[in-house]
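In this note's numbering, the protein residues as written are 30 to 387.
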């Protein structure tokens with residue numbers, strides 16, 4: 030019998046132990062981190078970093094400093110992190126009229142030592158997963174390095190967070206195969222306070238229960254400046270683009286914006302006072318801000334229905350490597366957006382003690 034003070038994760042693990050079913054621990058950072066970390070050094074260039082990210086299909090690169098010959102330390106020192114957003118902002122040139130991305134040659138020659146974000150928020154292998162999630166949510170970051178004695182031993186990204194969803198769902202369905210069915214068995218409905226009911230509630234939670242409905246939408250004739258303003262005002266990373274009939278045409282992400290802003294030079298030393306302040310900083314008279322959204326938005330957008338499960342949303346996001354899904358009703362109208370952030374909040378709730386596990 031699961032303890033009433035256990036979290037959902039703890040309760041699933043307890044029942045797995047009781048039924049002799051294998052369940053990978055997911056309590057601390059060391060349990061879930063990716064230890065096969067791809068790194069670059071401070072002497073690599075932005076150009077090398079771009080190629081590196083593309084080759085490994087990653088959006089964050091830890092930067093290290095290798096020990097010099099004769100130096101006492103034997104292991105590489107962790108310096109900081111380069112994110113795709115930083116590279117896009119610090120290396121992008123004035124966007125040409127056709128909207129295609131080109132690169133400033135001077136920017137491509139910059140060394141990573143000039144733009145690396147030093148001393149980022151980090152975790153140790155013993156940091157609780159819930160604390161890692163809170164760090165990511167509160168600071169709008171998608172990757173947390175894991176350090177032991179200042180040495181990089183792993184990273185946790187939003188991809189790892191989505192993976193936890195699928196592992197938790199798999200364990201629940203192993204415990205109770207009937208929970209994989211769309212409609213709940215009668216015994217679940219008759220025992221709403223039991224562990225099986227709580228597991229079913231998690232496994233079959235629908236997108237409409239967690240999606241963001243307070244949307245700022247733009248239209249095809251709006252420009253890049255309007256998208257920047259909408260993101261900063263709402264603290265969003267994505268803005269849907271609609272036609273005059275309010276049908277979804279595409280999505281503009283903060284990365285789409287950054288690809289078309291002019292070269293910004295070195296990373297500023299101060300923290301943002303406003304959402305995306307240092308990334309979006311530019312001369313408001315720059316011609317790139319007049320680019321129409323139809324020239325920069327992503328048109329082939331995966332979407333999902335309000336009645337779809339959150340597990341279905343996670344599966345699509347992992348497969349497509351996207352970070353948001355528009356939620357569209359039967360009439361083809363957008364009614365919300367489900368993002369990795371929404372899902373991360375939901376996963377955090379699975380680590381909080383619950384009174385429904387009696």
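We put the CB at the ideal spot given by N, CA and C, even for glycine.
Please read these numbers as outputs of a predicted model, since none were measured by experiment.
Opening and closing residue of the beta strand (DSSP E) in which residue i lies
i, result
"residue 322", "Here residue 322 belongs to no beta strand (DSSP E), and DSSP marks it neither H nor E."
"residue 141", "Counting along the chain, residue 141 falls outside any beta strand (DSSP E), though it belongs to the alpha helix (DSSP H) covering 141 to 144."
"residue 277", "277 to 282"
Extent of the continuous alpha helix (DSSP H) run through residue i
i, result
"residue 343", "339 to 349"
"residue 260", "253 to 263"
"residue 270", "Unbroken run through residue 270 is the beta strand (DSSP E), 267 to 271; no alpha helix (DSSP H)."
"residue 43", "37 to 47"
"residue 307", "306 to 309"
Identity of the residues DSSP links to residue i by a beta bridge
i, result
"residue 11", "Within the shown structure, residues of the chain are numbered from 30 to 387, placing residue 11 beyond reach of any answer."
"residue 107", "93"
"residue 112", "89"
"residue 395", "Absent from the model: residue 395. The displayed extent of the chain is 30 to 387, so no value can be given."
"residue 136", "Partner(s): none; residue 136 has no beta bridge."
"residue 394", "One cannot answer for residue 394 here, as it falls past the ends of the chain, which runs 30 to 387."
"residue 316", "Note: residue 316 sits in no beta bridge, so no partner."
"residue 157", "57"
Own chain residues within Cβ distance below 8 Å of residue i, not counting five before or after
i, result
"residue 74", "137, 138, 139, 140 and 141"
"residue 110", "89, 90, 91, 92, 145, 146, 149, 172 and 174"
Other residues of its chain near residue i: CB distance less than 7 Å, five sequence neighbours each side excluded
i, result
"residue 95", "70 and 105"
"residue 180", "104 and 107"
"residue 42", "52"
"residue 376", "162, 190, 193 and 194"
8 Å Cβ cutoff, residue i in contact with chain B
i, result
"residue 203", "No chain B is part of this structure, which consists of one protein chain only."
Contacting residues, own chain, Cβ-Cβ under 6 Å from residue i (five flanking each side not counted)
i, result
"residue 351", "none"
"residue 102", "96"
"residue 152", "58, 161, 173 and 175"
**Q.** contact_flag[the region 232 to 246, the region 268 to 285] where n(CB pairs < 8 Å) is 3 or more
**A.** The answer is yes - the region 268 to 285 touches the region 232 to 246, with three or more Cβ pairs under 8 Å.
Q.
Below 8 Å, how does it come out for the region 153 to 171 and the region 72 to 86: are there three or more Cβ pairs, yes or no?
A. no
Q: Output the residue ranges of the alpha helix (DSSP H) runs that lie fully inside the region 166 to 250 and measure 4 residues or longer, sorted by chain position.
A: 187 to 204, 215 to 219 and 224 to 232
Q. Considering only residues of the region 50 to 91, which uninterrupted alpha helix (DSSP H) runs meet the minimum length of 4 residues and lie entirely inside it, listed in chain order?
A. 58 to 61 and 75 to 85
Q | Inter-stretch contact at 8 Å, needing at least 3 Cβ pairs: the region 337 to 347 / the region 160 to 170 | A | no
Q.
Between the region 349 to 369 and the region 249 to 258, can you find at least three pairs of beta-carbon atoms closer than 8 Å?
A. no
Q | Contact between the region 271 to 289 and the region 321 to 332 (3+ Cβ pairs under 8 Å) | A | Three or more pairs of CB atoms, one per stretch, sit closer than 8 Å, so the region 271 to 289 contacts the region 321 to 332.
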